[in-house]
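Before any comments, here is the structure.
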DNA sequence: TTATATAATCAGGTGTACCTGACGATTTAG
DNA sequence: CTAAATCGTCAGGTACACCTGATTATATAA
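Residue numbers (the working numbering), protein chains in the order written: chain E, 2 to 175; chain B, 2 to 175.
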């Protein structure tokens with residue numbers, strides 16, 4: 002099982018990678034906390050980046066949490082000036098949440114960070130890495146779908162497209 | 002700046018990768034919570050895997066937290082049966098913390114998990130991935146050292162060696 | 001031997017991500 | 001038009017990773 006051995010090696014390197022990411026964050030002034038990017042308030046910002054002006058209910062469903070939690074986080078985000086809440090005119094029960102300009106910038110900043118360590122890779126390696134990540138990510142989408150089709154729909158492949166496309170574009174420009 | 006563009010692409014794929022890891026965890030029965038592997042109790046287990054029988058004080062320094070926090074976490078780990086605490090015979094003030102057999106197994110289990118998604122990579126890709134991760138990890142060690150030499154010493158490259166070597170060995174056997 | 005340092009503990013936070021239950025304000029369906 | 005469904009809020013809670021300050025043993029140095 003040569004392949005299994007290779008996988009094990011890679012797995013341990015990934016663990017190491019995870020550990021290092023963590024340490025690097027603990028340390029120093031990084032505000033782009035990798036850990037919180039995909040949880041709570043960060044998760045909501047990402048969802049809004051993909052699809053703005055959602056009701057709290059829809060948002061809650063989208064990111065798989067209770068409406069109460071969503072209300073709490075949205076309120077916190079509002080306090081931070083990253084989202085705004087306005088009553089829907091068609092249905093006075095619902096509240097439409099949208100990113101403020103600041104929120105949009107903040108989210109972009111957080112997802113656009115190019116980790117310093119990538120600079121050690123040359124073009125060929127970056128290319129290889131991209132292909133590998135593509136394969137892995139694609140497989141993870143499938144695994145998630147396998148485990149829970151509903152979840153998969155919510156976090157559909159398109160979720161990050163908005164943000165990610167922007168990154169590519171911006172990068173291309175520079 | 003072709004290279005910068007490549008880096009941006011890779012960066013976004015890494016963000017996506019992180020997001021997917023997170024979703025996959027939320028979902029389903031994974032107990033090997035990637036998020037907690039390097040924090041709090043998990044961090045301590047890792048430190049002990051590398052260097053067992055440390056005093057609480059030494060442990061606290063090693064993982065960069067206050068002795069009070071350490072005391073709390075160690076107590077929790079003891080309750081879970083993963084570590085044992087015994088008074089040092091030479092210095093009755095200090096408490097020596099060590100992994101129980103269960104703790105050792107648990108830690109190995111948590112670090113040994115081979116993510117399912119790796120199976121989509123062929124031998125060549127695994128090889129490339131390994132090389133890339135090696136380069137990246139090495140660079141991250143340097144970056145951490147750069148930012149804080151003390152921290153670097155504590156989380157020295159050797160930290161995970163113990164655990165990781167075991168993984169390699171076990172994998173080789175299978 | 002007495003003052004001081006040191007390891008740990010107790011007590012009491014803080015912040016963040018969640019959750020459940022109860023309830024008020026609308027909207028919609030019968 | 002009234003009852004049920006729907007969206008959101010309020011109140012209160014849990015769990016986990018931390019932290020500061022004060023205090024108790026024990027060890028060491030003057």
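Built from N, CA and C at the ideal position, the CB exists for glycine as well.
Residue i CB to nearest chain E CB: under 7 Å?
{"i": "residue 127/B", "result": "yes"}
{"i": "residue 170/B", "result": "Reliability of the predicted coordinates at residue 170/B is poor, the pLDDT of 48 falling under 50, and no value is obtained from them."}
{"i": "residue 48/B", "result": "no"}
{"i": "residue 147/B", "result": "no"}
{"i": "residue 115/B", "result": "yes"}
{"i": "residue 20/B", "result": "yes"}
{"i": "residue 97/B", "result": "no"}
Taking 7 Å as the CB-CB cut-off, is residue i touching chain B?
{"i": "residue 45/E", "result": "no"}
{"i": "residue 130/E", "result": "yes"}
{"i": "residue 23/E", "result": "yes"}
{"i": "residue 108/E", "result": "no"}
{"i": "residue 144/E", "result": "yes"}
{"i": "residue 165/E", "result": "Low confidence applies to residue 165/E: its pLDDT is 49, below 50, so where it sits in the model is not reliable, and the reading given next is rough at best. It does: the Cβ of residue 165/E has a partner Cβ on chain B nearer than 7 Å."}
{"i": "residue 173/E", "result": "For residue 173/E, the predicted structure reports a pLDDT of 43, less than 50, and the residue's modelled location is therefore unreliable. The matter cannot be settled from this model."}
Check the C-beta distance from residue i over to residue j and give it rounded, since I have them as a contact under 8 Å.
{"i": "residue 83/B", "j": "residue 47/B", "result": "Not a contact, Cβ separation roughly 12 Å."}
{"i": "residue 112/E", "j": "residue 16/B", "result": "5 Å"}
{"i": "residue 98/B", "j": "residue 60/B", "result": "6 Å"}
{"i": "residue 133/E", "j": "residue 126/B", "result": "6 Å"}
{"i": "residue 118/E", "j": "residue 137/B", "result": "5 Å"}
{"i": "residue 49/B", "j": "residue 100/B", "result": "5 Å"}
{"i": "residue 131/E", "j": "residue 11/B", "result": "6 Å"}
{"i": "residue 129/E", "j": "residue 78/E", "result": "Contact doesn't hold; Cβ gap of about 38 Å is too wide."}
{"i": "residue 24/E", "j": "residue 145/B", "result": "6 Å"}
{"i": "residue 8/B", "j": "residue 115/E", "result": "5 Å"}
{"i": "residue 44/B", "j": "residue 64/B", "result": "5 Å"}
{"i": "residue 38/B", "j": "residue 19/E", "result": "7 Å"}
{"i": "residue 135/B", "j": "residue 14/E", "result": "7 Å"}
{"i": "residue 53/B", "j": "residue 4/E", "result": "That pair is no contact at about 33 Å."}
Name the chain E residues whose beta carbon is nearer than 9 Å to that of residue i?
{"i": "residue 100/B", "result": "Chain E residues near residue 100/B: none, gap ~18 Å exceeds 9 Å."}
Interface residues of chain E around residue i at Cβ under 8 Å?
{"i": "residue 136/B", "result": "121, 122 and 126"}
Give the residues of chain E in contact with residue i, contact being defined as C-beta atoms less than 7 Å apart.
{"i": "residue 140/B", "result": "118 and 121"}
Using the beta-carbon of each residue, which ones in chain B are nearer than 9 Å to residue i?
{"i": "residue 37/E", "result": "Correct list: empty, because the minimum Cβ distance to chain B is about 10 Å."}
{"i": "residue 112/E", "result": "12, 13 and 16"}
### Query
Along the region 5-18 of chain E, what residues have a CB closer than 9 Å to any CB found in chain B?
If the cut-off is 9 Å between Cβ atoms, the region 5-18 of chain E has 5, 6, 7, 8, 9, 10, 11, 12, 13, 14, 15, 16, 17 and 18 near chain B.
### Task
Return the chain-ordered ranges of every alpha helix (DSSP H) run that is complete within the region 77-157 of chain B and spans a minimum of 4 residues.
Whole alpha helix (DSSP H) segments, 4+ residues: 102-113, 124-148 and 150-155.
### Query
In chain order, what residues of the region 59-82 of chain B put their CB closer than 9 Å to some CB of chain E?
Within the region 59-82 of chain B, the residues whose Cβ lies closer than 9 Å to some Cβ of chain E are 65, listed in chain order.
### Task
Go through the region 40-81 of chain B residue by residue and report every complete run of the alpha helix (DSSP H) that reaches 4 residues or more, in order.
Whole alpha helix (DSSP H) segments, 4+ residues: 41-51, 57-63 and 68-80.
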